[in-house]
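What follows is a single structure, written as structure tokens, with notes after it.
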Amino acid sequence: EDQVTQSPEALRLQEGESSSLNCSYTVSGLRGLFWYRQDPGKGPEFLFTLYSAGEEKEKERLKATLTKKESFLHITAPKPEDSATYLCAVRPKTYSGNTGKLIFGQGTTLQVKP
Amino acid sequence: EPEVTQTPSHQVTQMGQEVILRCVPISNHLYFYWYRQILGQKVEFLVSFYNNEISEKSEIFDDQFSVERPDGSNFTLKIRSTKLEDSAMYFCASNRDGSTDTQYFGPGTRLTVL
């Protein structure tokens, strides 16, 4: 069964304290791994797409990496405005064709204190 | 920058009533999706839609649910007879190529069933 697990569930950091969020996945063929940011009461906001092991993407203080079993979202010197829930999602290959369905993890809620 | 929009932002209804949630996907996108997120839980896939037909649906998407693209811009989700457990945030998403492209999400409609 296709599955995505994120850890930790919650993370508190001091401003400037770097850390990493983990996304472990089990999927029958990967057609993309996605990171989204979600603020309370809002829709997921796209951050990164990764397609193959070894791939890395970077944007401001965030860097996403991908291996065959997991992805990491590294946050360097975070600021309070980085506080949000970070969602990981995978798009599996399906026998019914490329329908694009995403399977989400439960998210990591990050709080950055000044 | 083009965005996915959704209306209404909040819908309150009585159990057993029909509701229609509306979405305007990004204009050059061809694949459309509905997801839901029950409070405190994962984002869950409901249905994908392409070329005026359903591509894939989840177990959640039973006979009470239907989707439609009534014109060139709107994409709707109808729940025929709402239940208490339908209370959730409903997100619409779209992309150009279902198999490889990033999905962009709308801000969501909060459905409350009393």
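Residue numbers (the working numbering), protein chains in the order written: chain A, 1 to 114; chain B, 1001 to 1114. A virtual CB, placed ideally from N, CA and C, is assigned to each residue, including glycine. Here the structure is a predicted model, which means the values were calculated and not measured.
Pull up the DSSP beta-bridge partners for residue i, would you.
i	result
valine 27 of chain A	Paired residues: none, contrary to the question.
tyrosine 1031 of chain B	B:Tyr1050, B:Asn1095
leucine 1021 of chain B	B:Leu1077
proline 92 of chain A	A:Leu30
serine 19 of chain A	A:Ile75
glutamate 58 of chain A	A:Lys63
glutamine 3 of chain A	A:Thr26
threonine 1007 of chain B	B:Arg1022
glutamine 38 of chain A	A:Thr85
glutamate 1001 of chain B	Glutamate 1001 of chain B is not bridged to any residue.
Could you tell me the boundaries of the beta strand (DSSP E) in which residue i lies?
i	result
histidine 1010 of chain B	1010-1013
leucine 101 of chain A	Strictly speaking, residue 101 of chain A in this sequence is lysine, with leucine absent from that position. Here lysine 101 of chain A belongs to no beta strand (DSSP E), and DSSP marks it neither H nor E.
leucine 1039 of chain B	First-last for leucine 1039 of chain B: undefined, no H or E at that position.
threonine 67 of chain A	No beta strand (DSSP E) holds threonine 67 of chain A; DSSP gives it neither H nor E.
leucine 1084 of chain B	Element bounds for leucine 1084 of chain B: n/a, residue is neither H nor E.
glutamate 1068 of chain B	1065-1068
phenylalanine 1061 of chain B	Premise fails: phenylalanine 1061 of chain B is in no beta strand (DSSP E) and is neither H nor E.
threonine 109 of chain A	108-113
alanine 10 of chain A	10-14
glutamate 81 of chain A	Counting along the chain, glutamate 81 of chain A falls outside any beta strand (DSSP E), and DSSP gives it neither H nor E.
leucine 50 of chain A	45-50
leucine 1111 of chain B	1109-1113
What in chain E is Cβ-close to residue i, meaning under 9 Å?
i	result
phenylalanine 46 of chain A	Looking for chain E here will not work: the only protein chains present are A and B.
For a contact meaning CB atoms closer than 8 Å, what does residue i contact in chain B?
i	result
arginine 37 of chain A	Result: empty, since nearest Cβ-Cβ is about 11 Å, beyond 8 Å.
glutamine 106 of chain A	Gln1041, Lys1042
When you compare the CB positions of residue i and residue j, do they come within less than 8 Å of one another, or not?
i	j	result
threonine 76 of chain A	serine 18 of chain A	yes
glutamate 1056 of chain B	lysine 101 of chain A	yes
serine 1066 of chain B	lysine 1078 of chain B	yes
serine 1094 of chain B	arginine 31 of chain A	no
glycine 1072 of chain B	glutamine 1006 of chain B	no
glutamine 38 of chain A	threonine 85 of chain A	yes
phenylalanine 53 of chain A	leucine 66 of chain A	The sequence shown places alanine at residue 53 of chain A, rather than the phenylalanine named in the question. A contact, by the Cβ cut-off of 8 Å.
valine 1113 of chain B	serine 1087 of chain B	yes
tyrosine 1035 of chain B	phenylalanine 1091 of chain B	yes
threonine 1102 of chain B	phenylalanine 46 of chain A	yes
Chain B partners of residue i, CB-CB under 7 Å?
i	result
threonine 49 of chain A	Thr1102
lysine 59 of chain A	The contacting residues do not exist; lysine 59 of chain A stays about 13 Å from chain B at best.
glycine 43 of chain A	Phe1091, Phe1105, Gly1106, Pro1107, Gly1108
Which chain B residues are close to residue i, counting only those with a beta carbon under 9 Å from its beta carbon?
i	result
leucine 102 of chain A	Tyr1033, Tyr1035, Val1043, Phe1045, Ala1093, Gln1103
Run the proximity test for residue i: is its beta-carbon closer than 7 Å to any non-hydrogen atom belonging to the ligand FAD?
i	result
threonine 67 of chain A	Among the ligands in the structure shown, none appear at all, so the ligand FAD cannot be discussed.
*Please name the residues in the stretch 1074-1104 of chain B whose beta-carbon is closer than 9 Å to at least one beta-carbon of chain A, in chain order.*
Met1089, Phe1091, Cys1092, Ala1093, Asn1095, Asp1097, Gly1098, Ser1099, Thr1100, Asp1101, Thr1102, Gln1103, Tyr1104
*Interface positions of the stretch 1009-1020 of chain B facing chain A (Cβ-Cβ less than 8 Å), listed along the chain*: none
_Near-chain A residues of the stretch 1045-1070 of chain B (beta-carbon distance less than 7 Å), N- to C-terminal order_ = The residues in question are Phe1045, Ser1048, Ser1055, Glu1056.
_Interface residues of the stretch 73-93 of chain A facing chain B [CB-CB below 7 Å]_ = Leu87
*Give, in chain order, every residue of the stretch 8-41 of chain A whose Cβ lies closer than 9 Å to some Cβ of chain B.*
Arg31, Gly32, Phe34, Tyr36, Gln38, Gly41
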